[in-house]
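This report refers to the structure that appears directly beneath it.
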Amino acid sequence: QAMFKFIDIEEVLRPVIEAKGGWVPLVDVKTDANVTAYFGNILQKPMWDDDDFQTYFEGHFEMWEFRSQPSPAVRLRGVDERLGHALERVKGADEAASLIMTAGEELKGLNWRYLLPAFEALRKPGSEEISAVVE
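Heads up, the sequence shown is in the working numbering, so the first residue is 8 and it goes up one at a time.
As structure tokens, this is what we get:
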């Protein structure tokens with residue numbers, strides 16, 4: 008029972024939104040039994056209002072896409088989008104190489120524009136470990 012006190016909201020929201028697929032109306036998320044149980048039983052707090060959910064989803068934009076019009080809805084970004092966003096934001100050769108190495112087959116379907124910042128980062132000097140991988 009105590010283990011559930013440490014469950015993260017993403018661990019509750021993700022299965023709910025994955026099960027519904029695509030754009031999920033925020034009202035459906037807020038009325039889902041697992042979400043209401045999380046707020047009531049685990050957090051022991053009132054359900055977030057729409058602005059709170061919007062803030063959460065927009066603050067975790069690499070995972071979620073939120074739209075407020077025509078009515079509030081959210082969707083889970085695909086693996087390619089999440090990887091693409093991560094590659095666009097790489098800071099150095101080590102980070103770029105690490106992302107590329109762990110992505111594996113997911114790179115094949117990725118739009119080339121996501122890879123450009125990573126390739127630029129790989130041109131810069133990195134650690135000895137990364138140099139060995141790149142060669």
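C-beta: ideal position from N, C-alpha, C; glycine also.
Roughly how many whole angstroms lie between the Cα atoms of residue i and residue j?
i	j	result
glutamate 95	valine 34	32 Å
arginine 7	alanine 110	Within the shown structure, residues of the chain are numbered from 8 to 142, placing residue 7 beyond reach of any answer.
alanine 40	leucine 123	43 Å
aspartate 57	phenylalanine 64	11 Å
arginine 21	glutamine 51	20 Å
valine 97	tyrosine 121	10 Å
Mapping DSSP to helix, strand and coil, what is residue i?
i	result
alanine 26	helix
proline 124	helix
valine 97	coil
arginine 82	strand
tryptophan 71	strand
By Cβ distance, which residues of its chain are closer than 6 Å to residue i, with the 5 residues on each side in sequence left out?
i	result
tryptophan 30	Ala80 and Arg82
tyrosine 45	Val19
lysine 27	none
isoleucine 24	Val31 and Leu83
Excluding the 5 residues flanking residue i on each side, which residues of the same chain have their C-beta closer than 7 Å to its C-beta?
i	result
arginine 37	One point to set straight first is that residue 37 is lysine, not arginine, in the sequence displayed. For lysine 37, where only same-chain residues beyond five positions count, the Cβ hits under 7 Å are Met54.
arginine 74	Ala80
On the premise that residue j lies in contact with residue i, defined as a C-beta separation below 8 Å, what is that separation, rounded to the nearest angstrom?
i	j	result
glycine 91	asparagine 118	7 Å
glutamate 69	alanine 93	7 Å
Spatial neighbours of residue i within its chain, please: C-beta separation below 8 Å, excluding the five flanking residues on both sides.
i	result
glutamate 113	Val86, Asp87 and Leu90
isoleucine 14	Tyr45 and Ile49
(message) If contact is defined by three or more beta carbon pairs under 8 Å, each pair taking one atom from either stretch, is the stretch 116 to 132 in contact with the stretch 90 to 106?
(response) Yes, they touch.
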